[in-house]
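Presented below is the structure to which this report refers.
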Amino acid sequence: MENILDFLIKVGELKRIKRRGWVLRDVKDPETIAAHTFRMTIMSWILCCKKKLNLNKVLKMSLIHDLCEVCAGDTTPYDTILPKDKKQWKQILNKWPRLQKRQKEKFFLNKYKKEQAGLKKLIVSLPLNIKKEIHNLWDDYEKGLTAEGKFVRQLDRVENLLQALEYWKKEAKFAIGPWWVQIEELIDDPILLEFIHTLEQEFHPKFKK
Amino acid sequence: MEEKKFYLTKEGLERIKKEYKALKELKFAKTKGESPKVLNSEDLNPEYLAFQEDVNFLESRIIELENIIKNAELIKIPRKEKQNVIDLGATIWVEVDGQTDEFTLVGSLEANPSIGKISNESPVGRALLGHKVGENVVVSSPIQTTYRIKKIKYHIS
């Protein structure tokens with residue numbers, strides 16, 4: 000049982016680690032990784048019911064999708080392009096970063112390797128069956144290997160959009176633009192697109208498509 | 000009910016077939032070779048659970064892959080005179096908000112925006128389809144984004 004306790008103590012760190020995307024933008028009292036995981040898992044459950052997917056797998060995948068960040072930390076697409084001079088950050092953060100395909104592939108691969116190493120370190124002492132299951136679920140999520148992996152990966156972005164909209168509603172100076180720009184490229188799931196339409200109506204009532 | 004078509008590049012379909020073959024072999028090895036003797040007992044020891052979990056993963060993935068292979072539709076390079084128009088398989092260079100971006104338009108199954116593969120079923124993918132170099136494509140969300148098409152290239156293997 001000591002190994003399980005050790006794992007759970009480490010996982011508890013996610014209740015403390017603040018999401019980097021909000022920290023970079025100086026969001027006051029930003030959510031933690033665990034808070035994001037909590038609402039994302041609830042979202043997965045409810046929205047998954049509208050689809051023919053393995054709910055058990057979807058829920059577990061949502062729960063574990065950011066576990067690697069205990070050891071690997073939170074990474075954002077801005078990390079490689081932000082200069083040392085913080086004064087320039089605002090301008091960069093107000094746009095969705097655009098990269099050449101090769102740069103995107105390099106960023107993805109580096110992030111994947113770093114996070115995989117982090118996850119392996121975290122789960123090393125867990126019983127073999129759980130360890131294998133967590134790793135398989137995470138790999139599926141990261142690469143979008145199966146229908147469940149693709150759904151949860153997109154859902155992660157939609158929960159992030161909802162949170163961004165809530166910050167934007169609270170503080171008008173929060174630049175919401177990059178979230179809307181990226182979401183139109185990242186999401187193709189019909190149920191999630193329908194949910195995004197509801198977000199448009201709720202947060203931008205004057206907007207007509 | 001009409002089954003969903005899966006648009007795949009030749010490379011993508013080959014990868015799926017390769018994975019299918021490898022998983023079938025793995026499943027065979029696991030169920031015939033390494034299967035613990037406790038398969039029919041209620042003794043749920045950790046070793047058995049690990050084995051079972053793996054087989055469950057394998058089985059669901061094999062079924063998924065079978066369905067994909069059955070309903071796969073190959074993405075073909077359009078005729079030369081139509082290669083100036085965006086279609087599935089096109090790699091597109093666009094200018095957005097003063098920055099240059101590059102993506103390949105693929106079917107939902109191969110989409111991975113993190114590495115520049117955009118789904119033809121995403122709002123941006125749908126909007127770009129059928130457009131030519133020099134055209135501006137406006138994607139309407141609460142924030143309007145204009146994609147100016149700079150270059151289109153087809154290089155499906």
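These protein sequences, in sequence, are chains A and B.
Residue numbering for the first sequence follows numbering that gives the first Met the number 0, starting at 0 and increasing by one per position.
Residue numbering for the second sequence follows numbering that gives the first Met the number 0, starting at 0 and increasing by one per position.
Beta carbons are placed, not taken as given, at the ideal position from N, Cα and C, and that holds for glycine.
Keep in mind that this is a model prediction, so the values were computed, not measured.
- Secondary structure at GLN102 (chain A): helix, using DSSP grouped into helix, strand and coil.
- Proximity of VAL180 (chain A) to chain B, defined by a Cβ-Cβ separation below 8 Å, is satisfied.
- Under the DSSP assignment, SER118 (chain B) falls outside any alpha helix (DSSP H), being part of the beta strand (DSSP E) whose first and last residues are 116-118.
- Between ILE151 (chain B) and GLU184 (chain A), the C-beta gap is not smaller than 8 Å, which leaves the two residues out of contact.
- In the three-state DSSP reduction, ASP5 (chain A) falls in the helix class (H, G or I).
- Proximity of chain B to PHE107 (chain A) at the Cβ level (cut-off 7 Å) is accounted for by SER113 and ILE114, in chain order.
- Residue state for PHE102 (chain B) is assigned as strand, using DSSP reduced to three classes.
- The DSSP assignment places complete alpha helix (DSSP H) segments of no fewer than 4 residues inside the segment 11-60 of chain A at 19-23 and 32-47, in order along the chain.
- At least one beta carbon of chain B lies nearer than 8 Å to the beta carbon of ARG97 (chain A).
- With distances taken between CA atoms, TRP88 (chain A) lies nearest to A:ALA174 out of A:HIS35, A:ALA163 and A:ALA174.
- THR197 (chain A): member of the alpha helix (DSSP H) spanning 189-202, first to last residue.
- Residues of chain B with a Cβ closer than 7 Å to the Cβ of LEU62 (chain A) do not exist, since the nearest Cβ in that chain sits about 16 Å away.
- Per DSSP, ARG97 (chain A) lies in no beta strand (DSSP E) segment and is marked neither H nor E.
- By the rule that beta-carbons nearer than 8 Å mark a contact, PRO77 (chain B) does not touch chain A.
- Look at the segment 95-112 of chain B: the residues with a C-beta under 9 Å from a C-beta of chain A are VAL95, ASP96, GLY97, GLN98, THR99, ASP100, GLU101, PHE102, THR103, SER107, LEU108, ALA110, ASN111 and PRO112.
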